[in-house]
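**Q** Chains as they are written, first to last, in this note's numbering: chain A, 32 to 336; chain B, 1049 to 1709. Think of the CB as a built atom: it goes at the ideal place given N, C-alpha and C, for glycine as much as any other residue. Shown below is the structure under consideration.
In structure tokens:
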């Protein structure tokens, strides 16, 4: 691990964020408490309404009372509660440890909070949750599990992990993580990727995009630091990337428009690629309210009724 | 320079600190981690140039702030070009400011208008005064006046100074210096000075006797000679105009000419290329209303290049009724009275008459009637005379032996009531003390040889005042007011056959007094700025001058007696005087001495005082403190402004580029 990386890891103040589980619960409570319903209607317990009969419908569901009273053929519908697996893929590369003066914490801490909150919501709704990583140290992959214990394990794993590793030229590591998620996520699963999408190797877009196929819902939440969003610097700058050897000497005022344009272009590229695979991209600022961030993700996933 | 001064000023070297910091900051860009560095374009050269430009203002402010603090530290030792009082052993000072408000101070000097420069210098001196210092303010325009008696109230001095205004008076610097010395003479201060804020265009100044306050001329540039020409008088004489012009030097007069304003047909009359006074003649254009003369070209004082034309009756009309056979000198020529008047008032219009006019209109255009040895006044003549006096004329009767030869029906009224006897016997001399108001000439009445005198008794005088007496107490000169005029009765004739009084200087002084009285009562249509106009106490007076109404006040007569009304025009120009609803125009001009008298050199002793005073230090701490505070506020404001601007720009950037956030 490089010296700057160690310094940045110290900046990850879990004491300020902890207990993560309490904050995750608070965030989850602020979003919505309760289960989500499947959009599939058919065999089930709870009555879900009526519709006109069309040839081919199961005759067992014809509403006899409506037929006798009104003389029209109506079919009774029922809603079926289903469990949907939530697969969390968290970026723990070194760039996620970045924190500027404007941010309350590192990007990883914000991503971990969002992940824990999503986990809490999913577990509360009876869904199962899995956790995978790309990059990072002391990371623990968690197989699909449900219940309170799953939430505790996810929180523990998020707290244990440390942002590390230079993925700039390590596409196989990313592909391995994606493959693990693919194995865990079946049809109807929801995959949420929490990453800054920075310093990723060539082909990362394609690899992550594969998570949106075969009936899975893919949402990539791009977590950026406020300084990465606005580029608030002034005067001469000597910038150094956390992953790779990129160094740039520039003038803040002159570089700001070009940087912002490049950032926007990159986001558009990711969004287009994900959209083609049925996924979506959400931009998050680590200084923003995490409750709103989780709501954005849930809106994107379509998990709220 | 002491160690403290060096140390304080040494702080100024810290100015180099922000400069060095700026250079260091400019030379090296800050290195920082930034994950999306790959998205940032490189712009190395631009970065350094922009850093230099952006920080220059802050750098200048900080450097100035440090320099200001260094000077504040050394302030008690820092000298300033501002005038200040140099104190001997730090003691309080008593000084009299002699501010010259004469016409010549209105000239445009090397440092602005002289009078304004003098006031500025006075304010600077007042600013350096402290509690305990005594200040008197004396004005050197004629007559010298005390604007502020010596006081330790600095605020009162500032107020008095702010009330001063320029005028066209003559200069009376010697009297002003004397008045200034007197005003601070009785003060207990050890260090006393008379500060001359004047162009010194006056007679020679003495440095004063031992023990008197020394002179100090702190603004020598006021005495820089300037080129100037002025029209100091213009009067109509029939169809001609007599213009009186004064110039400081031949150079000032060269190429200049006088013309009648608005007279397109008349040609300008060029001045002779010489300094001093010259008289020019121009044709009068009767169609012009309120005509004025103008001097072309420019000089140091533009205000005196134009002068209103006085009416034809500007010259003082004097009627003289004297018997040529009795009252003439043995050498021949006109009577002594006429010769004396002509000597005293060259511009006076003398009108010798054989008999007193019976018609009051014949007194028109005359202000003074001198009647020598009258042999009685007929009722018709008396009526006309009374009418003349009541309208502001002055009549003087020199009584002689003929007072006893009045014909039937004629009397000496209105001068004397009843019969007057001629006392033809050896008479003692005049009471010199009773003539003291004539001035130094009063001493010339000693050892007079008089052949007789008119015996005036108090009961015959109609309540007239006795102004002078003989040694035995008999009235010699009486004055009686009648209407707006005055009647004087002298108990001696002007004929040298009846005594040698007409040959003494006191006689001329007495005649001069009568001329002055005539001028005062009649009011000369042309007078010099600063000269007082007097009016009868009962008259209703309203005066409009070039700058609005002129104040009229009451005052007592100099020789005692009842009060009168007086007004003093201090500015040149045309005045409209309304006396009991009768309007007349008067023209006030400048004294030619103001133009022709060149500034004298600053007395040597005054120059030495000046040098020592300039070495005095000035406490500039308050001003420098304000400057330092202003710089500090400017820096804070600039930083806040930049911060707000940057944050606003970033907010706009965030909204524009990431609307999804």
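Taking all protein chains shown into account, do 16 or more other C-beta atoms lie within 10 angstroms of the C-beta of residue 1414 of chain B, making it buried, or fewer, making it exposed?
**A** Per the 10 Å Cβ criterion, buried.
**Q** Suppose you measure from the CA of residue 48 of chain A to the CA of residue 186 of chain A; what does that come to, to the nearest Å?
**A** Confidence at residue 48 of chain A is low in this model, with a pLDDT of 48, below 50, so its placement is unreliable and the value that follows should be read with caution. One C-alpha to the other measures close to 12 Å.
**Q** When burial is assigned at 16 or more other CB atoms within 10 Å of the CB, is residue 214 of chain A buried or exposed?
**A** Residue 214 of chain A should be labelled exposed.
**Q** Since residue 330 of chain A is in the alpha helix (DSSP H), which residue starts that stretch and which ends it?
**A** Taken as a continuous stretch (DSSP letters only), the alpha helix (DSSP H) holding residue 330 of chain A covers 321–332.
**Q** Quick one: is residue 33 of chain A buried, meaning 16 or more other Cβ sit within 10 Å of its Cβ, or exposed?
**A** Model confidence at residue 33 of chain A stands at a pLDDT of 46, short of 50, so the residue's coordinates are unreliable and nothing is read from them.
**Q** Taking only beta carbons into account, state which residues of the region 272–292 of chain A come closer than 9 Å to chain B, listed in chain order.
**A** Cβ contacts with chain B come from 272, 273, 274, 275, 277, 278, 279, 280, 281, 282, 283, 284, 285, 286, 287, 288, 289, 290, 291, 292.
**Q** Relative to the C-alpha of residue 1167 of chain B, which residue among B:1185, B:1364, B:1179, B:1180 is closest?
**A** Looking at the Cα atoms, B:1185 is the closest of the given residues.
**Q** Can you grab the Cα-Cα spacing for the pair residue 1398 of chain B / residue 1315 of chain B, in whole Å?
**A** Each residue's Cα considered, the two are about 32 Å apart.
**Q** Starting from the beta carbon of residue 1689 of chain B, find every residue of chain A whose beta carbon is closer than 9 Å, and list them in chain order.
**A** By Cβ distance, chain A contributes nothing, its closest Cβ being about 14 Å from residue 1689 of chain B, past 9 Å.
**Q** Chain B partners of residue 126 of chain A, CB-CB under 7 Å?
**A** The answer, in chain order, is 1083.
**Q** How far does the beta strand (DSSP E) with residue 1615 of chain B in it extend, from its first residue to its last?
**A** Taken as a continuous stretch (DSSP letters only), the beta strand (DSSP E) holding residue 1615 of chain B covers 1611–1615.
**Q** Beta carbons nearer than 7 Å to chain B: which residues of the region 224–237 of chain A have them?
**A** If the cut-off is 7 Å between Cβ atoms, the region 224–237 of chain A has 227, 229, 230 near chain B.
**Q** Using 8 Å as the limit for Cβ to Cβ distance, is residue 249 of chain A near chain B?
**A** Not one chain B Cβ lies under 8 Å of residue 249 of chain A.
**Q** Just checking: is the beta-carbon of residue 144 of chain A within a distance shorter than 8 Å of some beta-carbon in chain B?
**A** So no, residue 144 of chain A is outside the interface.
**Q** Per DSSP, what are the beta-bridge partners of residue 163 of chain A in this structure?
**A** Residue 163 of chain A pairs with A:120.
**Q** Find the residues of chain A that neighbour residue 1088 of chain B, judging by a C-beta separation of less than 7 Å, and give them in chain order.
**A** Those are 270, 279, 281, 286, 290, listed as they occur along chain A.
**Q** Which same chain residues end up closer than 8 Å to residue 1386 of chain B when comparing Cβ atoms and leaving out the 5 residues on each side of it in sequence?
**A** Excluding positions up to five away in sequence, the list reads 1368, 1370, 1398, 1400.
**Q** I'd like to confirm the pairing. Which residues does DSSP put opposite residue 281 of chain A in its beta bridges?
**A** Note: residue 281 of chain A sits in a beta bridge opposite A:268.
**Q** CB-CB under 6 Å to residue 1274 of chain B, same chain, minus the five flanking residues each way: which ones, in chain order?
**A** The residues are 1155, 1348.
**Q** Between B:1576, B:1623, B:1646, B:1577, which has its C-alpha nearest residue 1597 of chain B's C-alpha?
**A** Among B:1576, B:1623, B:1646, B:1577, the Cα nearest to that of residue 1597 of chain B is on B:1623.
**Q** Give me the Cα-Cα distance between residue 1173 of chain B and residue 1145 of chain B, rounded to the nearest whole angstrom.
**A** In a straight line, the C-alpha of residue 1173 of chain B is about 9 Å away from that of residue 1145 of chain B.
**Q** Use the C-beta contact count for residue 1548 of chain B: other C-beta atoms within 10 angstroms, 16 or more gives buried, fewer gives exposed.
**A** The residue is exposed, with fewer than 16 neighbouring Cβ atoms inside 10 Å.
**Q** By the criterion of Cβ-Cβ separation under 7 Å, what are the contact partners of residue 1079 of chain B in chain A?
**A** The contacting residues are 269, 271.
**Q** Can you name the residues of chain A whose CB is closer than 8 Å to the CB of residue 1694 of chain B?
**A** In chain order: 263, 265.
**Q** So, using beta-carbon positions, are residue 1175 of chain B and residue 1183 of chain B closer together than 8 Å?
**A** Their beta carbons are not under 8 Å apart, which means residue 1175 of chain B does not touch residue 1183 of chain B by this criterion.
**Q** Identify which residue in B:1189, B:1416, B:1203 has its Cα closest to the Cα of residue 1563 of chain B.
**A** Selected option, being the one with the closest Cα: B:1416.
**Q** Using the beta-carbon of each residue, which ones in chain D are nearer than 9 Å to residue 297 of chain A?
**A** Reference to chain D is not applicable here, since the protein chains of this structure are A and B.
**Q** Leaving out five residues on either side along the sequence, give the residues of the same chain with a beta carbon under 8 Å from the beta carbon of residue 1060 of chain B.
**A** So the list reads 1114, 1115, 1118, 1119, once near-sequence residues are dropped.
**Q** Against residue 1068 of chain B, what residues of chain A qualify as contacts under a CB-to-CB distance less than 7 Å, listed in chain order?
**A** Result: empty, since nearest Cβ-Cβ is about 17 Å, beyond 7 Å.
**Q** Based on DSSP bridge pairs, tell me the residues matched to residue 1399 of chain B.
**A** In DSSP, residue 1399 of chain B forms a bridge with B:1367.
**Q** Closest to residue 199 of chain A by CA distance: which of A:275, A:56, A:288 is it?
**A** Comparing Cα-Cα distances from residue 199 of chain A to each of A:275, A:56, A:288, the minimum goes to A:275.
**Q** With a cut-off of 8 Å, does the C-beta of residue 1170 of chain B fall near any C-beta of chain A?
**A** By this cut-off, residue 1170 of chain B is not an interface position.
**Q** Tell me whether residue 223 of chain A sits in a helix, a strand or coil according to DSSP, three-state version.
**A** DSSP places residue 223 of chain A in strand when its eight states are reduced to three.
**Q** With a threshold of 16 other CB atoms inside 10 Å of the CB of residue 1332 of chain B, please say whether the residue is buried or exposed.
**A** Buried, by the Cβ-count rule.
**Q** Using a Cβ cut-off of 8 Å (strictly closer), state whether residue 1091 of chain B contacts chain A.
**A** Yes - at least one Cβ of chain A is within 8 Å of the one on residue 1091 of chain B.
**Q** Among residues of its own chain, excluding the 5 on either side of residue 1660 of chain B, which ones have a beta-carbon nearer than 8 Å to its beta-carbon?
**A** Reliability fails at residue 1660 of chain B, whose pLDDT of 47 lies under 50, so the model's placement of it is uncertain and no value is given.
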